[in-house]
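>
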Amino acid sequence: MRVANWTPDRLHDLEGRLYVVTGGNSGIGLEAAKKLARRNADVIIASRNEAKSRAAADALAPLGAGRKSTLRLDLADLSSVHGAAADLRGRTVKIDGLINNAGVMQTPRRLTKDGFELQFGTNHLGHFLWTALLFDLVEAVGGRVVTVSSIAHKYGRLRFDDLMLSARYDPTVAYCQSKFANLVFAMELARRLKAAASPAMSVACHPGYANTNLQSAGPGALLAIAYRFSNAIFAQSADQGAIPTVLAAAGDEAVSGGYYGPTGLFGLGGPVGDADVLPRAREEHIGKRLWAESERLVDRKWLM
Numbered sequence: 011m012r013v014a015n016w017t018p019d020r021l022h023d024l025e026g027r028l029y030v031v032t033g034g035n036s037g038i039g040l041e042a043a044k045k046l047a048r049r050n051a052d053v054i055i056a057s058r059n060e061a062k063s064r065a066a067a068d069a070l071a072p073l074g075a076g077r078k079s080t081l082r083l084d085l086a087d088l089s090s091v092h093g094a095a096a097d098l099r100g101r102t103v104k105i106d107g108l109i110n111n112a113g114v115m116q117t118p119r120r121l122t123k124d125g126f127e128l129q130f131g132t133n134h135l136g137h138f139l140w141t142a143l144l145f146d147l148v149e150a151v152g153g154r155v156v157t158v159s160s161i162a163h164k165y166g167r168l169r170f171d172d173l174m175l176s177a178r179y180d181p182t183v184a185y186c187q188s189k190f191a192n193l194v195f196a197m198e199l200a201r202r203l204k205a206a207a208s209p210a211m212s213v214a215c216h217p218g219y220a221n222t223n224l225q226s227a228g229p230g231a232l233l234a235i236a237y238r239f240s241n242a243i244f245a246q247s248a249d250q251g252a253i254p255t256v257l258a259a260a261g262d263e264a265v266s267g268g269y270y271g272p273t274g275l276f277g278l279g280g281p282v283g284d285a286d287v288l289p290r291a292r293e294e295h296i297g298k299r300l301w302a303e304s305e306r307l308v309d310r311k312w313l314m
């Protein structure tokens, strides 16, 4: 089913449904959480910054009748991912939408606590483990795993001989690789769910070019200055950028294996619908290899 010109007013009442949003303390994640909360969803903000998470939950409090709460999660630390998943499992027996939104962009070379390149480790590996640890709670209610990718995936590829870019690091190359990995993961998960006849769904999306703190918090000084100018000219608001996430998480029109985002010029903005996928992101052999490498790196096998 083709999707075009989708807007959040198409959502049904989400009372009783639980959505967990990584990085929901700001930007796209927070705006998506607001839209879900307005439809009476229960929302958990999962973030490493507890103060910002509490502020986000406070902002959500007057919106809708659902419960709002927070969860400490640092995707750049696998022990934190395990701990947060255990905490969440103690609170609920089901998740209607696991929204994998958090990310870092174009950072100088840094490593996660477990020694992974920061962007690949946070944007992909942390979410891969997070999803593995909580997947049964999603499957229990035929829920959705939502992976937020980027138009930058079109410039990415997986360097399986050096996924951590140890030989030659470039912040933009690393970011594009991580966003390509996000989309490859989403497509591979959709294939595995179909093969297992699972009621769960894997849905991907991208926000287009949205004005968020990603452009200032991660990039070095020169890139941050460049973004200050390009944001003023090209960027849409975080509120607009969050619409594809809401479609992927709760829209009746979304399908497993779908990819949604702005459909205007170059996917930067415009009406939300089916987005273009780089063909190699759908290649099964790439998906299988990324899955196997991810399982090895985070030491967790699932959906064999």
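11 is the number of the first residue of the sequence shown in the working numbering; add one for each residue after it. We put the beta carbon where it would ideally sit given N, CA and C, even for glycine.
Kindly indicate which residue of 100, 72, 55 has the alpha-carbon position closest to the one of residue 84.
Comparing Cα positions, the closest option is 55.
> What's the C-alpha gap between residue 235 and residue 129?
Its pLDDT being 48, under 50, residue 235 is placed unreliably by the model, and the measurement read from it follows with that caveat. The alpha-carbon atoms of residue 235 and residue 129 are separated by roughly 21 Å.
> With a threshold of 16 other CB atoms inside 10 Å of the CB of residue 22, please say whether the residue is buried or exposed.
Exposed, because fewer than 16 other Cβ atoms sit within 10 Å of the Cβ of residue 22.
> Going by beta carbon distance, what residues of the same chain come within less than 7 Å of residue 79, once the five residues before and after it are set aside?
Once the five neighbours on either side are set aside, the close Cβ partners of residue 79 are 54, 67.
> Regarding residue 65 and the ligand PLP, is the C-beta to nearest heavy atom distance less than 7 Å?
For the ligand PLP, the structure offers nothing, since it holds no ligand at all.
> Based on Cα-Cα distance, which residue from 250, 197, 282, 264 lies nearest to residue 15?
With distances taken between Cα atoms, residue 15 lies closest to 282.
> Residue 163: which of 295, 191, 151 sits nearest, CA to CA?
Cα-wise, what sits closest to residue 163 is 191.
> Give me, in chain order, the residues of the same chain whose beta-carbon lies closer than 7 Å to that of residue 144; leave out the 5 immediate sequence neighbours on both sides.
95, 98, 105, 108, listed in sequence order.
> When the Cα atoms are used, what is the spatial distance from residue 306 to residue 169?
Cα to Cα, the separation comes out at about 16 Å.
> Compare the beta carbon distance of residue 136 and residue 217 with 8 Å and say whether it is the shorter of the two.
Result no, Cβ atoms of residue 136 and residue 217 do not sit closer than 8 Å.
> Let me make sure I understand the geometry here. Which of 262, 252, 255, 204 has the alpha-carbon closest to that of residue 314?
Considering only alpha carbons, the answer is 204.
> How would you write the range of the alpha helix (DSSP H) that residue 105 sits in, first residue to last?
Segment: none, residue 105 is in no alpha helix (DSSP H) and carries neither H nor E.
> At which residues does the beta strand (DSSP E) containing residue 182 begin and terminate?
That residue, residue 182, is in no beta strand (DSSP E); its alpha helix (DSSP H) goes 181 to 205.
> Where do the N-terminal and C-terminal ends of the alpha helix (DSSP H) with residue 306 fall, by residue?
Residues 294 to 308.
> Kindly indicate the opening and closing residues of the alpha helix (DSSP H) around residue 289.
Here residue 289 belongs to no alpha helix (DSSP H), and DSSP marks it neither H nor E.
> Less than 8 Å separating the beta-carbons of residue 178 and residue 294?
Contact: no.
> Looking only at DSSP bridge pairs, what is residue 28 linked to?
Per DSSP, 52.
> Return helix, strand or coil for residue 140, following the three-state DSSP convention.
In this structure, residue 140 counts as helix in the three-state DSSP scheme.
> Do residue 51 and residue 76 have their beta-carbon atoms positioned less than 8 Å apart in this structure?
Yes. Within cutoff.
> Residues in the same chain with beta-carbon distance under 8 Å from residue 273, minus the five sequence neighbours each way, listed in chain order, please.
Counting only Cβ-Cβ distances below 8 Å, and skipping sequence neighbours, we find 14, 280, 281, 282, 283, 284, 285.
> What does the alpha-carbon distance come out to for the pair residue 264 and residue 156?
Rounded to whole angstroms, residue 264 to residue 156 spans 11 Å at the Cα level.
> Can you tell me the Cα-Cα spacing of residue 242 and residue 250, whole angstroms?
Model confidence at residue 242 stands at a pLDDT of 48, short of 50, so the residue's coordinates are unreliable; what they give is reported in the following sentence. Their backbone Cα atoms lie some 15 Å apart in a straight line.
> What are the partner residues of residue 16, as DSSP defines its beta bridges?
DSSP, once it has assigned bridges, lists 282 as partnering residue 16.
> Which residues mark the beginning and the end of the beta strand (DSSP E) in which residue 255 is found?
Note, residue 255: premise wrong, no beta strand (DSSP E); alpha helix (DSSP H) at 253 to 260.
> Measuring alpha carbon to alpha carbon, tell me which of 209, 39, 292 ends up nearest residue 248.
Checked all of 209, 39, 292; the closest Cα to residue 248 is 39.
> Thinking C-alpha only, which one of 206, 276, 160, 289 is nearest residue 255?
Of the listed residues, the one whose Cα sits closest to residue 255 is 160.
> My assumption, with CB atoms under 8 Å, is that residue 310 sits in contact with residue 139. Please give the rounded CB distance.
Yes, residue 310 and residue 139 are in contact; Cβ-Cβ is about 6 Å, under 8 Å.
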